[in-house]
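Chemist: Here it is, the structure in full.
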Amino acid sequence: MWGSVALNLIETLQRILQSPCQPTIIFLSLHNDEDQGSKLIRKAKEAPFVPTGMAGFTAIVANGLYKLKNQGNTKMSVHLIHMCVAAQGFVVGVMTLGMGYSMYREFWAKLKP
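See below:
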């Protein structure tokens, strides 16, 4: 079965390469003009709630790990589940606010004269 699939794939690739119209192949360059910091700043300007969600998630996880040291009688699994639910809930809430904000900008803010 896999031999016939591989053979069909090879035949298709050979036909594409032999055709007069060469296919366009896009390679993603690892050496872009912008570094990670400027890319994060650009993305933060486009969608301001993404860094907020990332920062909140990090803060909740850091707080949960700090409290893990002083957890008292609670079980480790219960503590980790509560931390995970809190972090995910924060991210979902921020994503919802971000979607509402972008919908406001796109639809209602344009209607005002």
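Note that UniProt numbering gives residue 53 to position 53 of the sequence shown, counting from 1, and the numbers run on in steps of one.
Beta carbons: idealized from backbone N, C-alpha and C, even for Gly.
(1) How would you call Phe-49, buried or exposed, if buried means at least 16 neighbouring beta carbons within 10 angstroms?
(2) Shortest alpha-carbon distance to Leu-65 belongs to which of Met-83, Leu-97, Glu-34, Gly-53?
(3) For Thr-74 and chain B, any beta-carbon pair shorter than 7 Å?
(4) From Leu-97, Met-95, Arg-105, Val-91, pick the residue whose C-alpha is nearest to that of Thr-58; which is it?
(5) How many Å lie between Gln-88 and Met-76 at the Cα?
(6) So Thr-52 packs on Val-85, CB below 8 Å; how close in whole Å?
(7) Give me the Cα-Cα distance between Glu-46 and Val-61, rounded to the nearest whole angstrom.
(8) Who are the Cβ neighbours of Lys-43 in its own chain at under 7 Å, not counting the five residues just before and after it?
Modeler: Taking the coordinates as given:
(1) With 16 or more other Cβ atoms inside 10 Å of its own Cβ, Phe-49 counts as buried.
(2) Of the listed residues, the one whose Cα sits closest to Leu-65 is Met-83.
(3) No chain B is part of this structure, which consists of one protein chain only.
(4) With distances taken between Cα atoms, Thr-58 lies closest to Val-91.
(5) Cα atoms of Gln-88 and Met-76: separation of roughly 18 Å, rounded to the nearest angstrom.
(6) About 19 Å separates the CB atoms of Thr-52 and Val-85; that is not less than 8 Å, and the two are not in contact.
(7) In this model, Glu-46 and Val-61 are separated by some 26 Å (Cα to Cα).
(8) These residues qualify, in order along the chain: Val-50.
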